[in-house]
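Some notes on the structure that comes next.
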Amino acid sequence: MKTFDKLMGDIQTVKGLVDKYKPVVQDKIKEYKPIIKKDATKMKNQFEKDVLPGMKKFGDSFKDSFKNSGVNSKSFKKSF
Numbered sequence: 026m027k028t029f030d031k032l033m034g035d036i037q038t039v040k041g042l043v044d045k046y047k048p049v050v051q052d053k054i055k056e057y058k059p060i061i062k063k064d065a066t067k068m069k070n071q072f073e074k075d076v077l078p079g080m081k082k083f084g085d086s087f088k089d090s091f092k093n094s095g096v097n098s099k100s101f102k103k104s105f
């Protein structure tokens with residue numbers, strides 16, 4: 026029973042701390058949310074500018090390397 030009473034006391038302590046610091050945390054969220062959004066937009070724009078064209082070029086070259094092979098190729102159709 027002592028263990029249960031200690032556990033209940035610990036739970037009440039944690040609940041009290043949560044209630045005490047909840048407004049502080051909410052204020053920090055409001056403070057940092059626009060900063061994080063601005064940084065995320067900046068990273069997205071940088072990705073679209075630097076990385077995406079290279080990925081598109083790589084995808085196109087990969088697709089082109091298989092253009093004349095597979096089920097739709099002339100050599101496959103001639104085998105039937």
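Take any residue in the sequence shown, note its place counting from 1, add 25, and you have its number in the numbering used here. For every residue, glycine included, the Cβ atom is placed at its ideal position computed from N, Cα and C. Note that the structure is predicted; figures quoted are calculated from it, not measured.
Item                                                                                       : Value
Rounding to the nearest angstrom, what Cα-Cα distance links K63 and K82 in this structure? : 28 angstroms
Within the continuous alpha helix (DSSP H) that includes M68, where are the two ends?      : 27-75
Cα separation between D75 and T66?                                                         : 14 angstroms
On the three-state DSSP scale, how would you describe F87?                                 : helix
To the nearest angstrom, how far is it from the Cα of P59 to the Cα of K53?                : 11 angstroms
Mapping the DSSP letters down to three states, classify K82 as helix, strand or coil.      : helix
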